[in-house]
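Chains A and B supply the protein sequences, listed in that same order.
Each step along the first sequence adds one to the number in this note's numbering, with nothing skipped, and position 214 is 1357.
Each step along the second sequence adds one to the number in this note's numbering, with nothing skipped, and position 274 is 459.
Every residue gets a Cβ at the ideal spot worked out from N, C-alpha and C, and that includes glycine.
First the structure, in the form of C-alpha cells, and then the observations on it.
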Amino acid sequence: MKLLVCISQTPDTTAKISFNADGTAFNPAGVQFIMNPYDEWYALVRACELREALGGTVVALNVGPASNETTIRKALAIGADEAVRIDANPQSAAFIAKQIAEYARNEQFDIIFFGKETIDYNGSEVGAMVAAYLDLPFVSYASKLDLNGTTATLERDIEGGVEVLEVDLPFAVSASKGMAAQRIPNMRGIMTARTKSLKEIPALPFEEAVNIVAFTMPPAKAGVKLIDPANMDELVRLLHEEAKVI
Amino acid sequence: MVLVFAESPRGQIKKTALQAVTYGKKVADLLGTTCAALTVGTGAGAEELGRYGASRVLQVSDAKLDQFDSQAYAAAIADVVKQTGAKVLILSHSATGKSIAGRLAVLLNAGLVSGVNSLPTLNGTNLQVKKSVYSGKAIAEYDISSTYKILSLMGNAVKQEASGNPVVVEKVQADFKGRIRVKEVKTQEGRVPLPEAEIVVSAGRGMKDPGNWGIVEELAETLGATTACSRPVADSDWRPHHEHVGQTGIAIRPNLYIAIGISGAIQHLAGVNNSKVIVVINKDGEAPFFKAADYGVVGDLFEVVPRLNEALKKYKASNH
C-alpha cells in the first residue's frame, strides 16, 4: 500500500488577516501558520490508519518554501513515513497541482489524499486537477473510506445527504469531517520525525492562467442593532421593511 | 458563447443551476455573446432553463450519466465545450461543481476561479472576478488570461431570474468514461438542503438539551427555513451531522441566518459570515457573535424564540 497525502500550510483559523499597503500580498507578520486542518485531521490520519492496518508507506507532500518544514515535520510526527517538499512559493492551485502530478506520475501511489479545501483560498481545486493530470477517478468531500482488497467503499458529502460509492485502486480523494479523528502527535512521534526522510525537489516551470490582482477587506458590518427581547414584533418589522429578507 | 453546466441530480434541476444560468446570461451579455445551458443524464424538463436566459439548451442524454462520476462528467462537459466553441464555462460551486471544476481546468487548459460571488468585469480579453478568501475574512480579485475560462458560482450569490421562454432541448453526443460505481444516495426528503436554503434557523449549546429543539423547529416551520446547528451540538449527537454549519461542517450563504444560543466562535463564523443578514439571540450580551450580527436580542432564548415565532405568525396572517 503506497499512499500520498498532500498537505498545505495555511494561516491559523483564528489569525487576523491583513495585506500590504497596496493590497497585492498577504501580510504574514504576527500570523501563526498551521497544517491545513482537513489535510491534517482527516486525510493524513486516515492514510496512517490504513498503513497501520495493511502495511505500506505514507508519503507527506508539500509544495512550498523551506519555512514550511516545521509543518512537514508535524506530518511525520503524526505518522507519515517520509516527506517530500517541492521547493517553491506557490501562487495558485493550478501551480501546486501541476507540481504534485509531475512528482506522483511515476510513483505508483494507490491513493492520493487531499483535504476537502484549504482554509485560506477555499477553492477545493487541487485534488480534481491532480486526478485529471494522472487520469485517476476522484472522490471529493469523502467522510468515510474503507478498503477491501483493491476496492474502496466511500461516502461523499452531497447537498442534504451522502452518496455511497465504490471505486478500485488507484484513485484520488479529498477528505471531510468524519473520515478520521484528529491525532495529537506524541513525544515518540515527535522524536522519530526528526530522523525521517524529508526530501527536497525542485519545482517545474508553469505558466499561470489566473493571477490575483488585489486583496480587499469585506465591508465592515454597520454594527449590531439590539432589539428589546419583549418586542419581537419590532424584529419582524425590521426583517421585513429594513433588511427585506422575509 | 458562454456555456453553463446546469446540475440536475436524479432528473431534478437544482435551484443553484437556475442561479448559474441567470449568472451565465449576464456574463454572456457582458461579452456580447449568447448563453447556452448543458445538462447531462436522461432527466426531463431541461427546456425550462430557457426561462433563465439560455438561448440554447443542450443535453447529453446518456443513462450512464444518471449517476455521478466526476471523471465522466468532466470529460463529457469538456467535449461539449469543444464542440460548441464556448470559451467561458460556468459551474455551481457545489458538491458536484467542486468535484469537476479542477478537472475541467486541466482538460481545457483553462483558468479557473472557484466560488465567485459577483459578476466579472472585462479587461481587454481577460476577465476579472472576485471571490471570498480566508474563510470570509477577505476578498480577492482575480484576473483570468487564458483562452478558456471557468467560473464556479457560490450558491445564493445571485438570485435566479426568469427572463425568457423555454427552448427546445438539443440532444448532443459526448465522449466520456468513468470508473465510479454509485451504490446509494441518502438524502433528507422534504427539506431544502442547507447550502441552498434562503433562511436558516440554527441553534447551539444554549439549548441545554436535545429535547428542547421543538421551539427551533417551530420557528423554522413558520419561516420555511432549514434547521442547522453548531459543532458542539453535532459532536454531542444532539443533532445530525449534516446540520453542522461552520468551518469543519458546511459553509452556507442564506439571506437570513438566525443563530440561537450560539456564542459565535471564529470557526463557526467562518461557515456563516457570508449570510446576508444575521440575527443573534443569546442571553450573554458579551457573546462574540453579536459583533458579526445585524440584529441582536439579548435575552432568554426559551422566552424569546416562542415570542418571535408568535410575532412571525401574526405578521404572516396579516400580510398573506
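Residues of chain B with CB under 9 Å from residue i, in chain order?
{"i": "V1269(A)", "result": "G287"}
{"i": "A1275(A)", "result": "Q256, A259, G287, R288, L289, A290, V291 and L292"}
{"i": "M1360(A)", "result": "K322, A323 and I324"}
For residue i, name the three-state secondary structure that DSSP assigns.
{"i": "Y208(B)", "result": "helix"}
{"i": "M1141(A)", "result": "Summary: the structure shown does not reach residue 1141(A), with chain A confined to residues 1144 through 1389, and so no result is reported for it."}
{"i": "F1257(A)", "result": "strand"}
{"i": "K501(B)", "result": "helix"}
{"i": "A1244(A)", "result": "helix"}
{"i": "A1190(A)", "result": "helix"}
{"i": "P194(B)", "result": "helix"}
{"i": "I1262(A)", "result": "coil"}
{"i": "F1252(A)", "result": "coil"}
{"i": "K1145(A)", "result": "strand"}
{"i": "I1239(A)", "result": "helix"}
{"i": "K393(B)", "result": "coil"}
{"i": "K200(B)", "result": "helix"}
{"i": "N440(B)", "result": "coil"}
{"i": "N458(B)", "result": "coil"}
{"i": "I1355(A)", "result": "strand"}
Could you list which residues in chain B have their beta carbon closer than 7 Å to that of residue i, in chain order?
{"i": "Y1264(A)", "result": "V318"}
{"i": "Y1246(A)", "result": "None at all; the shortest Cβ gap to chain B is about 16 Å."}
{"i": "E1302(A)", "result": "S279, A280, P378, P380 and E381"}
{"i": "L1369(A)", "result": "G481 and V483"}
{"i": "I1160(A)", "result": "Y319, K322 and A323"}
{"i": "A1196(A)", "result": "Ordered by position in chain B, no residue passes the 7 Å Cβ test against A1196(A), which lies about 22 Å from the chain."}
Taking residue i as the query, report the chain B residues whose CB atoms sit under 8 Å from its CB, ordered along the chain.
{"i": "P1233(A)", "result": "Result: empty, since nearest Cβ-Cβ is about 15 Å, beyond 8 Å."}
{"i": "L1381(A)", "result": "Y480"}
{"i": "L1378(A)", "result": "V464, Y480, V482, L493 and A496"}
{"i": "S1283(A)", "result": "S255, A280, K283 and S284"}
{"i": "V1188(A)", "result": "Neighbours of V1188(A) on chain B: none; closest Cβ ~14 Å, over 8 Å."}
{"i": "M1272(A)", "result": "G287, R288, A290 and V291"}
Could you tell me which residues DSSP puts in a beta bridge with residue i?
{"i": "Q244(B)", "result": "T224(B) and K356(B)"}
{"i": "Y480(B)", "result": "K1368(A) and V464(B)"}
{"i": "R366(B)", "result": "E1309(A)"}
{"i": "S303(B)", "result": "DSSP output for S303(B) lists no bridge partner at all."}
{"i": "Q1152(A)", "result": "M1178(A)"}
{"i": "A388(B)", "result": "C414(B) and I445(B)"}
{"i": "E1343(A)", "result": "R1228(A)"}
{"i": "Q432(B)", "result": "DSSP lists no partner for Q432(B)."}
{"i": "V314(B)", "result": "Y327(B)"}
{"i": "K407(B)", "result": "The displayed chain sequence assigns Thr, not Lys, to residue 407(B). Partner(s): none; T407(B) has no beta bridge."}
{"i": "G296(B)", "result": "K334(B)"}
{"i": "F1162(A)", "result": "F1169(A)"}
{"i": "N308(B)", "result": "N311(B)"}
{"i": "L188(B)", "result": "A221(B) and L274(B)"}
Starting from residue i, find everything on chain A with Cβ-Cβ shorter than 9 Å and list it in chain order.
{"i": "F190(B)", "result": "Neighbours of F190(B) on chain A: none; closest Cβ ~14 Å, over 9 Å."}
{"i": "H426(B)", "result": "S1286, K1320 and G1321"}
{"i": "D328(B)", "result": "V1353, N1354, I1355 and V1356"}
{"i": "L408(B)", "result": "I1389"}
Starting from the beta carbon of residue i, find every residue of chain A whose beta carbon is closer than 7 Å, and list them in chain order.
{"i": "N440(B)", "result": "V1388"}
{"i": "E369(B)", "result": "V1307"}
{"i": "G296(B)", "result": "A1352 and V1353"}
{"i": "Q452(B)", "result": "T1156"}
{"i": "S299(B)", "result": "G1266, S1267 and E1268"}
Using a Cβ cut-off of 8 Å, pull out every chain A residue sitting near residue i, in sequence order please.
{"i": "L250(B)", "result": "Within 8 Å Cβ-Cβ: nothing; L250(B) doesn't reach chain A, min ~15 Å."}
{"i": "V489(B)", "result": "P1372 and M1375"}
{"i": "A455(B)", "result": "T1156 and I1262"}
Is residue i near the ligand SAH, with its Cβ less than 8 Å from a heavy atom?
{"i": "Q452(B)", "result": "Because no ligand of any kind appears in the structure shown, any question about the ligand SAH cannot be addressed here."}
Strictly below 8 Å CB to CB, what residues from chain C border residue i?
{"i": "D1311(A)", "result": "You won't find chain C in this structure, because its protein chains are A and B."}
message = Going residue by residue through the region 1273-1338 of chain A, where are the continuous alpha helix (DSSP H) segments of at least 4 residues, counting only ones entirely within it?
response = The alpha helix (DSSP H) runs lying completely inside the region 1273-1338 of chain A and spanning 4 residues or more are 1330-1336, given in chain order.
ask   = Which runs of the beta strand (DSSP E) spanning at least 3 residues fall entirely within the region 1199-1237 of chain A, listed in chain order?
value = Counting only runs of 3 or more, we get 1200-1207 and 1225-1230.
ask   = Fully enclosed by the region 320-349 of chain B, which beta strand (DSSP E) runs are 3 residues long or longer?
value = Fully enclosed beta strand (DSSP E) runs of 3 or longer: 323-329 and 334-338.
query = Should the region 1322-1339 of chain A be called in touch with the region 1217-1230 of chain A, which here means at least 3 C-beta pairs below 8 Å?
reply = The region 1322-1339 of chain A, when compared against the region 1217-1230 of chain A, does touch it at the 8 Å Cβ threshold.
ask   = Do three or more CB pairs link the region 478-485 of chain B to the region 1354-1370 of chain A at distances below 8 Å?
value = Contact holds: three or more Cβ-Cβ distances are below 8 Å.
inquiry  = At 4 residues or longer, what runs of the alpha helix (DSSP H) sit wholly inside the region 241-289 of chain B?
reply    = Counting whole runs of 4 or more residues, the region 241-289 of chain B contains the alpha helix (DSSP H) stretches 255-269.
inquiry  = With three or more C-beta pairs closer than 8 Å as the rule, is the region 246-260 of chain B touching the region 1270-1284 of chain A?
reply    = Because the criterion of three Cβ pairs below 8 Å is met, the region 1270-1284 of chain A and the region 246-260 of chain B touch.
message = So, does the region 347-361 of chain B touch the region 397-404 of chain B, judging by three or more C-beta pairs under 8 Å?
response = Under the Cβ criterion (8 Å, minimum of three pairs), the region 347-361 of chain B does not count as touching the region 397-404 of chain B.
message = Three or more C-beta pairs under 8 Å: does that hold for the region 333-345 of chain B against the region 359-377 of chain B?
response = Verdict: no, contact absent.
query = Is the region 1356-1363 of chain A touching the region 1164-1174 of chain A, taking contact as three or more C-beta pairs under 8 Å?
reply = With the cut-off at 8 Å, the region 1356-1363 of chain A and the region 1164-1174 of chain A touch.
query = Between the region 414-431 of chain B and the region 490-500 of chain B, are three or more C-beta pairs nearer than 8 Å?
reply = Counting C-beta pairs closer than 8 Å gives fewer than three between the region 414-431 of chain B and the region 490-500 of chain B, which falls short of the contact rule.
task = Say whether the region 379-386 of chain B touches the region 264-274 of chain B, bearing in mind that this needs 3 or more beta-carbon pairs closer than 8 Å, one atom from each stretch.
result = Contact fails: fewer than three Cβ-Cβ distances are below 8 Å.
At least three beta-carbon pairs within less than 8 Å, the region 211-224 of chain B to the region 232-245 of chain B = By the Cβ criterion, the region 211-224 of chain B is in contact with the region 232-245 of chain B, since at least three pairs of Cβ atoms, one from each stretch, lie closer than 8 Å.
Inter-stretch contact (C-beta, 8 Å, three-pair minimum) for the region 322-329 of chain B and the region 1298-1312 of chain A = Fewer than three beta-carbon pairs drawn from the region 322-329 of chain B and the region 1298-1312 of chain A are found closer than 8 Å, and the two stretches are therefore not classed as touching.
message = Taking 8 Å as the cut-off, does the region 1255-1268 of chain A touch the region 1376-1388 of chain A (at least 3 CB pairs, one atom from each stretch)?
response = Here the region 1376-1388 of chain A does not lie against the region 1255-1268 of chain A, with fewer than 3 beta-carbon pairs under 8 Å apart.
ask   = Pairing CB atoms from the region 1183-1190 of chain A with CB atoms from the region 1237-1247 of chain A, are three or more of them under 8 Å?
value = Contact between the region 1183-1190 of chain A and the region 1237-1247 of chain A is absent, because fewer than three Cβ pairs lie under 8 Å.
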